[in-house]
Amino acid sequence: GGHTALIIAASDGHEDIVEFLTAKGASVDCQDEEGWTALHHAASKGFISSAKALIDAGANVDIQSKEGRTPLWLAGGEGCLSIAKILLEKGAQVNCEDQDGWTPLMHCTWKMHISILDCMLRQCKDVDHRNKEGFTCLHAAAQRGDAQATRLLLEHGADVNATSKNGTTAIAMAATHAHLEVARELLDRGANLELTLQDGWSPLMLACQGGHMEIMGAFLEAGADVNHQAETGWTALHKSAWDGRVRLVERLVDAGAKINAQEQDEDTPLLMAASQGHLDVVRYLSEKGADTNTPRKDGWSPLMIACQNDHLSIVEFLLEAGVDVNHKSKSGWSALHKASWDGRLRYVRCFVEAGSLVDSETEDGSTPLTLSAEKGWLEIVEYLVHNGADVNHKRKGGWTALQYASNESHEGIATFLIESGAEVDHQNDDGWSALLMASSADAWGIVNCLLENMADVSHANNGGWTPLMSVSDKGKLSVVQTYLERGAPVNAVDKEGFAALHFAALRGYSEVAQLLIEHNATADLGTRVGYTPLQCAGQRGDANLVQFLVDHGAAVNHVSDKNETALHFAAECGRLEVVILLLQLGATVDPVCEQGFTPLSEACWTGHQSVTEKLLEHGASLNPSGMMGGLSLLQLATDGGRSEIVQWLLEKGAALDATDDNSETAMHFAAWSGDLSIADILSGKGASLDTQNKVGDTPLILAAREGHKEMVEFLLQRGVDVGHQNKTRHNALSAAHELGHQDVVDVLLKHGAARPADEDARELAPGPIPCPPDGAWSGSWKGTSNREEDKEFRMWNRLVFKNGEINGFGHDDEVGDYGVRGTFDAEAQTCKFKKVYLEPNIDEHHEMEGGFELVTKGFCIACVVVQGTGKRNGKAVTFRMRSEMKVMEFVDDNGQ
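Our numbering applies: residue 29 is where the sequence shown begins, and numbers increase by one.
Right, here's the structure in full:
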């Protein structure tokens, strides 16, 4: 602990050893690991002789520990009067601050050592010294309730109204901690009762907060403002009412407190007492004339608040006092609405017996009946109906109580309402009937009750959805049977053209589908985009259903509007059994859909090898024509990360280096995605590693641009050309640097990569990029944005740089025309500009900044790299963009 012999002797009180060691020249001010000296230890333990010997040997009386504490701080705190006197005689400072700003004087006050405090005050020049929070010794004495110290400090000139950083005064401390004698002492010395905390709370309010009756009384007698309001508008009466302190409430009212005062939310003291269940306070305030109906800002009255918080005794008292039982909030709710929603039957009875209107409507047209039906309170529903509630009332949107009960599966309520005369076939504004709701909610008891009461099974909602579709989608065979027997239209379709048979097929409910077919469902019925039940069954993978549909007229090779067949769907989803069956039934093995995919390419993309093998056995082409973008099966499998399919395709003779319309090979795809396992397979089969796409990018450049360090290392280890430049004169190194992939840059540099020859002026390390001279640039932006899920985007523009200003115009293929205006600073080598879309329906502004870099000498081609943020459709977006632009002209000072 860094203790010397002298420190140990002083700490144990061996004054003879202390004297011996000091005489032998021991360092008296040597500090241990906590910064304590021998004098600190002696002072803290009250070893007077040791302390005196150390002081006589020249010990520094004001030396501070690591916490900033001096020997006097310790002696005063421990009550060592003799040592404190010696230290003071030697000039020890009473206001030397520790790390929290506490001084020996404050510490002594806090510890309530009055004799030492008296000694310190005699030598104190600043009795109002503040710690870091702004508190003084008087605050400490008041908080501790030390009336003697308070009196002593005041006698030595302490400021009775000194405030801390948060506005606390000594009288506020005394009020908070219930120190009556201290409070009286401060009042006698002129304490200001109107000085408040930062939040506006006065000493009177603080006394009420703690329930300190005597202190509150003393403050009132001293003239405290009984109606003072804090920043929230609360008064002492609000606080006392909230806490249910009836004696304080009585005293405040007698002192002139405004009984109907409202705080910032317009709550009155009576409303607050009602909300907290303080009946005695509510009764007293009411007897004193408080308005029992005054609502708060949102229109909720004391009665409604008491109901909300389940204070029955207060509700009963207020009703007896004659409050307006039909008072409504700003949203149109009454106390009866609230009780009905919360399921409080006893309250409902009280309100109805007191004259509450049972069919009163809220702002959205809800009645107590619709609310209780929605929440499932059967007893309340029965009580309201028996008291005249309209069972067929329709709220906004056309919803009835029966529809709410059906939608929420409240069978008992639905049954009762039907027995009470509810309209079973009413449709709301969206076309939903109770039967359709019950069918969708799996409320089969309600469904049966509705059917027993002759509910119409043919009703469809505004989207065309029928009860038959709903139960077919859920596979409820018996209900489907009932609906069909009741005449449900079997071939009715929704707005997308789907019929009940589509849903049954898609979910794999074979028995339901067969039942629908038996009732004349059209097996080949197409949706709006041409999907048939057979295609749905193929996607689901139900071979038995596929066979059944074909047996009943479904066309095996039917194509959708996108030229997709059932075989496409089955192959994509890996449904081997269905694939085999469809092929046996005569399905065409290589149909090409709108996107250029065949069933085999679908299976390659999604990684279903068993399906790919079966299709190939039946003559599927390994090199189908018409694929989107000229893609090959090998590229599709690579792009999908299907290494097993890649291996299988190569074994079957797929062209290793086949290129698409962009002249890219499967190796390009593997490099771009960073898939090392596929890259290893392709490389092992002899794939070319340096093939260039249309813009001259090799797999290495793509991997570097995407930041795939391991892929870059993989390619470099196999001897690819590290310095190859694409058609824009970029190589792997510049591509990685441009997008900030420093780990890739480091790998490339280790393998001898160099900047392109035309980039001599550029630095690879992050830093400022030279700005252009005055001139006009035109070109194409290229970048990424989170608004497109980090997909690459392009746009063209023309920018004119002149006299430090940027002006331009451009076009984004996605959102239309935009304008650019901003500034650039050649000396600071930065630019800032705003891009604003000119289309009125586009809410997008980009604040962008960045720099410029030269790609070739003489400004034949230049580049802008910027980053920015903006908004689109109210959502924040971020950008990182690179613009490669050809300089078309230079503009001189005359604008020529």
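Don't be surprised by glycine CBs; every beta carbon is placed ideally from N, CA and C.
Mapping DSSP to helix, strand and coil, what is residue i?
i: Q720; result: coil
i: S691; result: coil
i: Q753; result: coil
i: S461; result: strand
i: Q612; result: helix
i: Q455; result: strand
i: A781; result: coil
i: H167; result: helix
i: G566; result: helix
i: G886; result: Because G886 sits at a pLDDT of 33, beneath the cut-off of 50, its placement in the model cannot be relied upon, and the following sentence gives the value as read from the coordinates. Helix at G886.
i: T260; result: coil
i: K73; result: helix
i: Q59; result: coil
i: N925; result: As displayed, the chain neither begins before 29 nor continues past 924, which places residue 925 out of reach and without an answer.
i: D484; result: coil
Identify, in the order they occur along the chain, each residue of the same chain with its Cβ nearer than 6 Å to the Cβ of residue i, setting aside the five sequence neighbours on each side.
i: E672; result: Q637
i: F13; result: For residue 13 there is no data in the structure shown, the boundaries of the chain being 29 and 924.
i: G558; result: S588, D589
i: R514; result: V485
i: E592; result: C621
Can you tell me whether residue i is buried or exposed? The criterion is at least 16 other CB atoms within 10 Å of its CB, across all chains shown.
i: K193; result: exposed
i: D725; result: buried
i: Q127; result: exposed
i: G350; result: exposed
i: Q92; result: buried
i: S314; result: buried
i: H414; result: exposed
i: T395; result: buried
i: V723; result: exposed
i: M482; result: exposed
i: R374; result: exposed
i: D522; result: buried
i: N721; result: buried
i: D774; result: exposed
i: K914; result: Confidence at K914 is low in this model, with a pLDDT of 43, below 50, so its placement is unreliable and the value that follows should be read with caution. Answer is exposed; the Cβ neighbour count stays below 16.
i: D174; result: buried
Would the beta-carbon of residue i fall within 8 Å of that of residue j?
i: T616; j: H586; result: no
i: L643; j: A694; result: no
i: S384; j: A417; result: no
i: P231; j: L265; result: no
i: V46; j: A81; result: yes
i: A599; j: Q567; result: no
i: D688; j: S716; result: no
i: L573; j: L595; result: no
Return the chain-ordered list of same chain residues with a C-beta closer than 7 Å to the C-beta of residue i, the five sequence neighbours on each side being excluded.
i: D156; result: T164, A186, D187, A190
i: E524; result: T555, R556
i: L347; result: V353, C378, A382
i: D227; result: A258, E259
What number of angstroms, rounded off, separates the C-alpha of residue i from the C-alpha of residue j?
i: S691; j: A551; result: 45 Å
i: W369; j: A401; result: 9 Å
i: P323; j: L299; result: 8 Å
i: G968; j: H205; result: Outside the displayed range of the chain (29 to 924) lies residue 968, so it cannot be described from this structure.
i: G657; j: G624; result: 9 Å
i: H31; j: W130; result: 26 Å
i: L133; j: M148; result: 7 Å
i: N420; j: L397; result: 10 Å
i: A732; j: N651; result: 30 Å
i: L1; j: T137; result: Since the first residue shown for the chain is 29 and the last is 924, residue 1 is missing from the structure and cannot be characterised.
i: S653; j: S660; result: 9 Å
i: L215; j: L223; result: 13 Å
i: N288; j: T428; result: 41 Å
i: T50; j: E43; result: 10 Å
i: L109; j: L102; result: 11 Å
i: A200; j: L234; result: 7 Å
i: W262; j: D470; result: 52 Å
i: A571; j: T626; result: 21 Å
Which residues in the same chain have their Cβ closer than 8 Å to the Cβ of residue i, if we skip the five residues on either side of it in sequence?
i: V89; result: L67, I83, T98, P99, L100, L115, K118, G119, A120
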